[in-house]
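Just so you know, we're using the UniProt record's numbering here: the sequence shown kicks off at 1 and counts up by one.
So the structure is just underneath, and the comments pick up after that.
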Amino acid sequence: MLKKSGFVLVSGFLVLMAIISALFYHYKTQAAFPDQVKIGATYMTMNNDFYKYLNAEVEKTVNEHQDRLYTRDPALNIDKQVEQIDSFMKEKVDVIIINPVDGNSQKIISRLKAAKKLGIKIILVDSQLADSSFVDTTIVSDNYKAGVLCAQNLMASKKSADILLLEHLDAISATDRIQGFLDTIENHGNYRVVARADALGQTEIAMPQVKNIIDKGIYFDTVMALNDRAALGSLAAIKGAKLSGHPLIYGIDGSPDMKNLIATTNDVKATVAQSPYTMGKEVIKATYQLSKDRDYDKEVIIPVELITKANIADYDLAGWQ
Numbered sequence: 001m002l003k004k005s006g007f008v009l010v011s012g013f014l015v016l017m018a019i020i021s022a023l024f025y026h027y028k029t030q031a032a033f034p035d036q037v038k039i040g041a042t043y044m045t046m047n048n049d050f051y052k053y054l055n056a057e058v059e060k061t062v063n064e065h066q067d068r069l070y071t072r073d074p075a076l077n078i079d080k081q082v083e084q085i086d087s088f089m090k091e092k093v094d095v096i097i098i099n100p101v102d103g104n105s106q107k108i109i110s111r112l113k114a115a116k117k118l119g120i121k122i123i124l125v126d127s128q129l130a131d132s133s134f135v136d137t138t139i140v141s142d143n144y145k146a147g148v149l150c151a152q153n154l155m156a157s158k159k160s161a162d163i164l165l166l167e168h169l170d171a172i173s174a175t176d177r178i179q180g181f182l183d184t185i186e187n188h189g190n191y192r193v194v195a196r197a198d199a200l201g202q203t204e205i206a207m208p209q210v211k212n213i214i215d216k217g218i219y220f221d222t223v224m225a226l227n228d229r230a231a232l233g234s235l236a237a238i239k240g241a242k243l244s245g246h247p248l249i250y251g252i253d254g255s256p257d258m259k260n261l262i263a264t265t266n267d268v269k270a271t272v273a274q275s276p277y278t279m280g281k282e283v284i285k286a287t288y289q290l291s292k293d294r295d296y297d298k299e300v301i302i303p304v305e306l307i308t309k310a311n312i313a314d315y316d317l318a319g320w321q
C-alpha cells in the first residue's frame, strides 16, 4: 500500500514538473510585453554630449512606457552604422531613430530603405540624408539659420575678417550651417575665407588641424566652426600657439563649456543654441505616433538662438537649454 502511494506521489510530481516545464517554455518563447514598442537609436557619435542628452530624453519616456530602446554608437564609422541598422532589423524594431554618420552614404540609405520595406518607421534626427523621400520624418534644428546668425554677428562686430572654416563635410546639418554663414557674407568682399578644414565636429581632430594651419603661417582672425566641439579645439590650438590678436571664435550648439567661456572670458565670441531636450521630446513624440501608424509632419525644424555676452545671463551655464 505504501509503495502504491509512493508511486502515485512520484507520478503526480513528474506530471506537475512536466506542466511547469511546458508553461516555462511557452512563456520563455513569448514576449514579456507583447505590445512593447521596440526602438533602435544610432547617433553618428556618442562622443558628443548633445546626443547623450538627446538620447536620455528619449530613454526616459521609453522606460516610463516599459518599452525597449536599443542605443548604438557607430563612432563616426559608416560600416558600423550599417551593421547597427541590420541588427535593428533582426530585432524587429518598430522604429529606427538615426543621426547618420554620412548623409550621402548609399550604404546607409540602402539599409534604411530595406528596413522601411519591413514596415519599420524611420526618423532622422539632427541631420538629413541626401535621399530622404522614404523617411517618415526629419527632426532638425534650423541649421542654415544658425550659420546666418553667426555671420550677422561677425559683420556687426568687424568691418573685415580673414576666416578659418571648420567643417564636417559628411553631415548635411553641418554643411547647412556653413552654407548659411557663407551665403550671408557673400558679396561682402571684406570677409574672406582663407582656410578650411574638415574637423568632423570633434575637438581632438580640430585642434591639430588648426595648429597645422597656424604652422603654415596662414593668418586668420575669425574661426567659424560647425559646432562647439570643433570651436573648442580651435581655441586650444590658438592658445597653444600663443597666437596674438584674440581671433573671434564662433560655434554652434550652446554647450555648457561654450556658454561658460562666453560668460567668464573673451576667448570665444558666440555660439548658437540648439536644445537636445526639445529635440529629444520631439523625437519621442514622433516615435510613438509613427509606431501607431499615425501621420506625422514630414519635417520638423526647431528654432535656434544666438548666445553672446549680451544675453548669456538668460541661459543656464551648468547644463543645456
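All C-beta atoms in this analysis are idealised placements derived from N, C-alpha and C, irrespective of residue type, glycine included.
Length of the line joining the Cα atoms of residue i and residue j
| i | j | result |
| --- | --- | --- |
| Lys259 | Ile312 | 7 Å |
| Gln152 | Lys158 | 10 Å |
| Phe50 | Pro100 | 15 Å |
| Pro303 | Ser275 | 9 Å |
| Ile39 | Lys239 | 43 Å |
| Thr287 | Asp102 | 22 Å |
| Gly233 | Ala195 | 16 Å |
| Asp162 | Thr264 | 25 Å |
| Glu204 | Tyr144 | 25 Å |
| Leu54 | Asp297 | 20 Å |
| Lys269 | Tyr70 | 38 Å |
| residue 358 | Leu154 | In the structure as shown, the chain begins at 1 and stops at 321. Residue 358 is therefore absent and cannot be evaluated. |
| Met46 | Ala156 | 35 Å |
| Lys121 | Ala146 | 29 Å |
| Tyr277 | Arg229 | 19 Å |
Selected residue, minimal CA-CA separation from residue i, among the options
| i | options | result |
| --- | --- | --- |
| Ile249 | Val210, Ala310, Met224, Leu169 | Met224 |
| Trp320 | Arg72, Asn48, Ala130, Lys60 | Asn48 |
| Leu243 | Asn212, Thr61, Ile262, Leu124 | Asn212 |
| residue 323 | Ala146, Leu169, Leu200 | The structure shown does not extend to residue 323, since the chain is modelled only from 1 through 321, so no value can be given for it. |
| Asp126 | Asp316, Ala161, Asp253 | Asp253 |
| Asp267 | Ala56, Ile108, Asp221 | Asp221 |
| Cys150 | Ile307, Asp314, Arg294 | Ile307 |
| Val62 | Pro247, Lys281, Asp293, Lys117 | Lys281 |
| Val95 | Gln179, Asp35, Ala115, Ile185 | Ala115 |
Limits of the unbroken beta strand (DSSP E) element including residue i
| i | result |
| --- | --- |
| Ile198 | It should be noted that the sequence gives Asp, not Ile, for residue 198. Counting along the chain, the beta strand (DSSP E) containing Asp198 begins and ends at 191–198. |
| Ala270 | 270–273 |
| Tyr296 | Element bounds for Tyr296: n/a, residue is neither H nor E. |
Assumed close pair residue i, residue j - CB separation to whole angstroms, cut-off 8 Å
| i | j | result |
| --- | --- | --- |
| Asp67 | Val93 | Not quite, the Cβ-Cβ distance comes to about 10 Å (not below 8 Å), so this is no contact. |
Host alpha helix (DSSP H) of residue i (start-end)
| i | result |
| --- | --- |
| Val210 | 203–215 |
| Ile238 | 228–240 |
Sheet register partners of residue i (DSSP bridge)
| i | result |
| --- | --- |
| Ile249 | Val223 |
| Leu306 | Val272 |
| Thr42 | Arg72, Ile98 |
| Ser141 | Ile302 |
| Ile85 | In DSSP, Ile85 forms no bridge with anything. |
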